[in-house]
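In this note's numbering, the protein residues as written are 162 to 315.
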Amino acid sequence: MIQRKQTLYLLAAIVMTVICLCMQIGSFQVDGLGIGVARVYNLWYTAFGKHFFDTWPLMAILLPTTVIGTYAIFLYRNRKIQAMFCLFNVLLIIGWYVCYFVVSQTVGDKSWGVVSFRPSWPAAFPAVSLILYLMARHAILADEKLVRSMDRIR
């Protein structure tokens, strides 16, 4: 049922997550010089022309949120499970930010010298999708409340 507003929220959250999966989410730069040493993506980071797959947990956390969100769209008849999947996606996105912080502090070669991590703007897309999942969950629970009140009137 695409005309329900929670379906549109879920669809927008999925789009934001997929955009974040495809774009650069940060970079390592040499302090003081502003020279980029490595570009960080969800699955790998690129340094000096080589790919290092130390950031794979970011992809492993964010990819299931797209699958679960897509599945939740088609669960419009079972609103309780749909709301539960939205809450589970919120928890996964919070876990992604925790992992993102850990990766920003630990990933990187010490031979690069003194480097700092600079997040990119696509790293904010999971936060937007987190808000959209919360809005969808609120709309789903309101819809469930409305259906229950209509059943009580009959």
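Ideal placement from N, C-alpha and C gives every residue a C-beta, glycine not left out.
Q: Give a yes or no on contact between the segment 179 to 189 and the segment 232 to 242, applying the rule of three or more CB pairs nearer than 8 Å.
A: no
Q.
Using only CA atoms, which one of V264, Y258 and I254 lies nearest to Y206?
A. On the sequence shown, position 45 is the one that residue 206 refers to. The shortest Cα separation from Y206 among V264, Y258 and I254 belongs to V264.
Q: Provide the residue span of the beta strand (DSSP E) that contains R279, from first to last.
A: What you label residue 279 is simply residue 118 of the sequence shown in a count that begins at 1. First-last of the beta strand (DSSP E) with R279: V276 to P280.
Q: Please confirm if the segment 164 to 181 is in contact with the segment 288 to 302, defined as three or more CB-CB distances below 8 Å between the two stretches.
A: yes
Q.
Which residue marks the beginning of the beta strand (DSSP E) containing F213, and which one marks its end?
A. For the purposes of this step, residue 213 is taken as residue 52 along the sequence shown, with counting starting at 1. Looking at the DSSP string, the run of the beta strand (DSSP E) that includes F213 is K211 to F213.
**Q.** Assigned exposure category for P225 - 16 Cβ within 10 Å defines buried
**A.** Looking up residue 225 in the sequence shown gives position 64. By the 10 Å Cβ count, P225 comes out exposed.
Q | Burial state of V251 (16 or more Cβ within 10 Å) | A | Counting from 1 along the sequence shown, the entry for residue 251 is found at position 90. The residue in question, V251, is buried, as its Cβ has 16 or more Cβ neighbours within 10 Å.
Q: Would you list the residues sitting across from R200 in a DSSP beta bridge?
A: Residue numbering aside, residue 200 sits at position 39 when the sequence shown is read from its first letter. R200 pairs with S188 and T207.
Q) Can you tell me whether DSSP reads R165 as helix, strand or coil? A) As a first step, residue 165 is located in the sequence shown; it is residue number 4 there, counting from the start. R165 falls in the coil class under three-state DSSP.
**Q.** Nearest-angstrom beta carbon gap, V201 and T216 [assumed within contact, 8 Å]
**A.** Counted from its first residue, the sequence shown places residue 216 at position 55. Counted from its first residue, the sequence shown places residue 201 at position 40. About 6 Å; that satisfies the 8 Å criterion.
Q) Just curious, the alpha helix (DSSP H) that N250 is in, first and last residue? A) Position 89 of the sequence shown holds residue 250. R240 to T267 is the span of the alpha helix (DSSP H), which, as asked, contains N250.
Q: Could you say which of I222, V268, I242 and C260 lies nearest to H212 if we only look at CA atoms?
A: Counting from 1 along the sequence shown, the entry for residue 212 is found at position 51. The candidate whose alpha carbon is nearest that of H212 is V268.
Q: Buried or exposed for Q266, please, with buried defined as at least 16 other CB atoms from any protein chain shown within 10 angstroms of its CB.
A: Taking the sequence shown and counting its residues from 1, one reaches residue 266 at position 105. When all chains shown are included, Q266 counts as exposed.
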